[in-house]
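J.: Okay, so the sequence shown: first residue is 6 according to my numbering, each after it adds one. All residues carry an ideal CB built from backbone N, CA and C; glycine is no exception. Since this is a predicted model, take the numbers as computed values, not measurements. Below is a structure I'd like to ask you about.
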Amino acid sequence: MEPFSLRSERLSAFAGVEVSFEAMVFTPARYDSACGWPAHYVVHGFGSSALRTGVGYTGDVLARAAEGKGLPMVRVFLDANHPLGHHVFADSANMGPWGTALVEELLPALEARYGLIPDPGARFVSGHSSGGWSSLWLQVDHPETFGGAWGISPDPVDFRSFTNVDLYRFESMYVDPNGQPIPVERDGERVVATIEEFVRRERREAPIGQQIFYSFDAVFSPRGPDGQPRMMFDRETGRIDREVVAAWRRYDLRWRLRQEWSRLEPLLRGKLHVIVGTADTYYLDGSVRLLADELRALGSDAEIVFVPGRGHEDIFAPDPELYPENLLARIEYEMWASYVRSGATCPETYAR
């Protein structure tokens, strides 16, 4: 595994300082730089990094290879860390055009350097938690760039259940319409923290760029008069800012899919995959259920898998029915099958 860095013209122009993409690249056995390799792009979760995720992931890849089950793919671990949080590879008023820059600058550079097939049928993306949301967003926002996305325990994909809050109906992030505290973290049946407790703990223990709710503001919110992201809710009272929520709507994946389904449906056939535990630690299964209902109503062929009893972190361990080896193995087998079906190859005129 080796590091890859690329200065971004778009992001540097946005920020007014030098900004670079950072990634870790893991090449398979018998790799050479001649064009012909499909790529699996992996986005880490909030608080992690490309290196940390890559180290954990490659151990699994090597173990499968030792058993004769290795797949000749290049794995690229994308770093999504930003001073304001996790930029999720979405174009943002506060963080910059990370999604567009990825597609227009980073992917071509990686394909040229590592001989990756420059075809959507050979480009796949996955991720966990914030990285799970990132992968689904990239697939929906750039449907003709990627051949499939696997979102594992993704951050809220339907803002009618944004960490248990219906952003379009509730007045507060802290209490529901009946005045009951809203839970955000659990361990099985036991509530570990309400949103208010979680937010106060974050503000007390972590700098702004390491607070998940501030990271959401940094990605989804417009920029305020002070140059900072507008907060979707008041941290002291929990009161939701309806004007900011209106700006957030464009990042609501369920809403986006419904609004643009006639255009997106043919471009997303066979490409959307979501996996979540029914006991997700942060209640993210609730948001996925709403998305599943919407996609079913739209007639989508999206694959949405609910893993019984699994939480946020143990989702990867083998499940005897759904993925006897482990979740990462299942995902890569599905990617490989999609790649083979696509027939994607390098064009004869492709120059590295």
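Where does Leu121 fall in DSSP's three states?
T.: For the purposes of this step, residue 121 is taken as the residue at position 116 of the sequence shown. In this structure, Leu121 counts as strand in the three-state DSSP scheme.
J.: Counting C-beta neighbours from all protein chains within 10 Å, is the total for Gly314 16 or more, i.e. buried, or is it exposed?
T.: Numbered from 1 along the sequence shown, position 309 holds the residue referred to as residue 314. Exposed: under 16 other Cβ atoms inside 10 Å.
J.: Only counting the same chain, and skipping five residues up and downstream in sequence, which positions put a Cβ closer than 7 angstroms to that of Gly193?
T.: The residue you call residue 193 lines up with position 188 of the sequence shown. Closer than 7 angstroms at Cβ, skipping near neighbours: Ala284.
J.: Cβ of Leu296 within 7 angstroms of Cβ of Val204?
T.: For the purposes of this step, residue 296 is taken as residue 291 along the sequence shown, with counting starting at 1. For the purposes of this step, residue 204 is taken as residue 199 along the sequence shown, with counting starting at 1. Cβ atoms of Leu296 and Val204: not closer than 7 angstroms.
J.: Classify Arg357: buried if its beta carbon has 16 or more other beta carbons within 10 angstroms, exposed otherwise.
T.: Sequence index remark: in the sequence shown, residue 357 carries index 352 (1-based). Here Arg357 scores only 41 on pLDDT, less than 50, and its place in the model should not be relied on; the value that follows carries that caveat. With fewer than 16 other Cβ atoms within 10 Å, it is exposed.
J.: Residues bridged to Met340 by DSSP?
T.: Here residue 340 is taken as the residue at index 335 of the sequence shown, counted from 1. Partner(s): none; Met340 has no beta bridge.
J.: Is it true that the CB of Gly73 sits closer than 7 angstroms to the CB of Met29?
T.: Along the sequence shown, read from residue 1 onward, the residue named residue 29 stands at position 24. Along the sequence shown, read from residue 1 onward, the residue named residue 73 stands at position 68. Not closer than 7 angstroms, so no.
J.: Helix, strand or coil for Phe82 per DSSP?
T.: The residue given as residue 82 occupies position 77 in the sequence shown. In this structure, Phe82 counts as strand in the three-state DSSP scheme.
J.: How many angstroms separate the CA atom of Arg254 from the CA atom of Ala68?
T.: Here the question's residue 254 lines up with position 249 in the sequence shown. Here the question's residue 68 lines up with position 63 in the sequence shown. Rounded to the nearest angstrom, the two C-alpha atoms are 42 angstroms apart.
J.: May I ask you to list the residues that DSSP assigns as paired with Phe218?
T.: Walking along the sequence shown from the start, residue 218 turns up at place 213. The partner list for Phe218 (beta bridge, DSSP) is empty, contrary to what the question assumes.
J.: Can you round the beta-carbon distance between Trp42 and Leu121 to whole angstroms, since I take them to be within the 8 angstroms contact cut?
T.: As a working note, residue 42 is residue 37 in the sequence shown. As a working note, residue 121 is residue 116 in the sequence shown. That pair is a contact at about 5 angstroms.
J.: Helix, strand or coil: how does DSSP classify Tyr179 here?
T.: In the sequence shown, residue 179 corresponds to position 174, counting from 1. Correct three-state label for Tyr179: coil.
J.: For Gly132, which beta-bridge partners are listed by DSSP?
T.: On the sequence shown, residue 132 is found 127 positions in, with the first residue counted as 1. In DSSP, Gly132 forms a bridge with Val48 and Gly156.
J.: For Ala28, which of helix, strand or coil comes out of DSSP?
T.: Locating residue 28 in the sequence shown gives position 23, where the first residue counts as 1. Here Ala28 sits in strand by DSSP.
J.: Using the rule of at least 16 other Cβ atoms within 10 Å of the residue's Cβ for burial, across every protein chain shown, is Val250 buried or exposed?
T.: Taking the sequence shown and counting its residues from 1, the one referred to as residue 250 is at position 245. The residue is buried, with at least 16 neighbouring Cβ atoms inside 10 Å.
J.: In the region 262-332, which residue ranges form an unbroken alpha helix (DSSP H) of at least 4 residues, counting only runs that do not cross its ends?
T.: Listed in chain order, the complete alpha helix (DSSP H) runs (minimum 4 residues) inside the region 262-332 are 266-273 and 289-303.
J.: Counting only the same chain and skipping the five closest in sequence on each side, list residues whose C-beta sits under 7 angstroms from that of His92.
T.: The count along the sequence shown starts at 1 and reaches residue 92 at position 87. Closer than 7 angstroms at Cβ, skipping near neighbours: Ala85, Met100, Trp103 and Val224.
J.: Three-state secondary structure (DSSP) at Arg228?
T.: Stepping through the sequence shown from its first residue, residue 228 is reached at position 223. DSSP places Arg228 in strand when its eight states are reduced to three.
J.: Does the distance from the C-beta atom of Thr150 to that of Val79 stay below 7 angstroms?
T.: Position 145 of the sequence shown, counting from 1, holds the residue named residue 150. Position 74 of the sequence shown, counting from 1, holds the residue named residue 79. Going by C-beta atoms, Thr150 is not nearer than 7 angstroms to Val79.
J.: If you run the structure through DSSP and keep just helix, strand and coil, what is Val66?
T.: Locating residue 66 in the sequence shown gives position 61, where the first residue counts as 1. Note: Val66 maps to helix in three-state DSSP.
J.: Going by DSSP, what residue range makes up the beta strand (DSSP E) through Thr105?
T.: Residue numbering aside, residue 105 sits at position 100 when the sequence shown is read from its first letter. Element bounds for Thr105: not the beta strand (DSSP E) but the alpha helix (DSSP H), Trp103 to Ala106.
J.: Using the C-alpha atoms, what's the distance from Pro230 back to Ile336?
T.: One-based indexing of the sequence shown puts residue 336 at position 331. One-based indexing of the sequence shown puts residue 230 at position 225. Cα-Cα distance, rounded: 44 angstroms.
J.: Strictly by DSSP, which residues pair up with Arg5?
T.: No answer is possible for residue 5: the residues shown for the chain start at 6 and end at 357.
J.: From which residue to which residue does the beta strand (DSSP E) around Leu11 run?
T.: As a first step, residue 11 is located in the sequence shown; it is residue number 6 there, counting from the start. Segment Glu7 to Arg12, the beta strand (DSSP E) holding Leu11.
J.: So, for Leu366: in the same chain, excluding its five sequence neighbours on each side, which residues have a beta-carbon less than 6 angstroms away from its beta-carbon?
T.: Any answer about residue 366 is impossible in this case: the structure gives the chain only from 6 up to 357.
J.: Kindly indicate which three-state DSSP category Ser97 falls into: helix, strand or coil?
T.: Looking up residue 97 in the sequence shown gives position 92. The answer is strand: DSSP assigns Ser97 an E or B state.
J.: Looking at the structure shown, is Gly41 part of a helix, part of a strand, or coil, going by DSSP?
T.: Residue mapping note: residue 41 aligns to position 36 of the sequence shown, counting from 1. Note: Gly41 maps to coil in three-state DSSP.
J.: Apply the 10 Å Cβ neighbour rule to Val47 and answer buried if 16 or more other Cβ atoms are within range, or exposed otherwise.
T.: Taking the sequence shown and counting its residues from 1, the one referred to as residue 47 is at position 42. Counting Cβ neighbours within 10 Å, Val47 comes out buried, since at least 16 surround it.
J.: Name the DSSP beta bridge partners of His92, please?
T.: For this step, residue 92 is matched to residue 87 along the sequence shown. DSSP output for His92 lists no bridge partner at all.
J.: Assign Gly152 to buried or exposed, taking buried as 16 or more other Cβ atoms, counted over all protein chains shown, within 10 Å of its Cβ.
T.: By 1-based counting over the sequence shown, the position of residue 152 is 147. Result: buried.
J.: Name the DSSP bridge partner or partners of Val170?
T.: Sequence index remark: in the sequence shown, residue 170 carries index 165 (1-based). Answer by DSSP bridge pairing, in chain order: Phe167.
J.: Considering only DSSP beta bridges, list what Phe238 is partnered with.
T.: The sequence position of residue 238 within the sequence shown is 233, counting from 1. Looking at the DSSP assignment, Phe238 forms a beta bridge with Ile245.
J.: How many angstroms separate the CA atom of Ile245 from the CA atom of Arg174?
T.: Looking up residue 245 in the sequence shown gives position 240. Looking up residue 174 in the sequence shown gives position 169. Ile245 and Arg174: Cα-Cα distance of roughly 10 angstroms.
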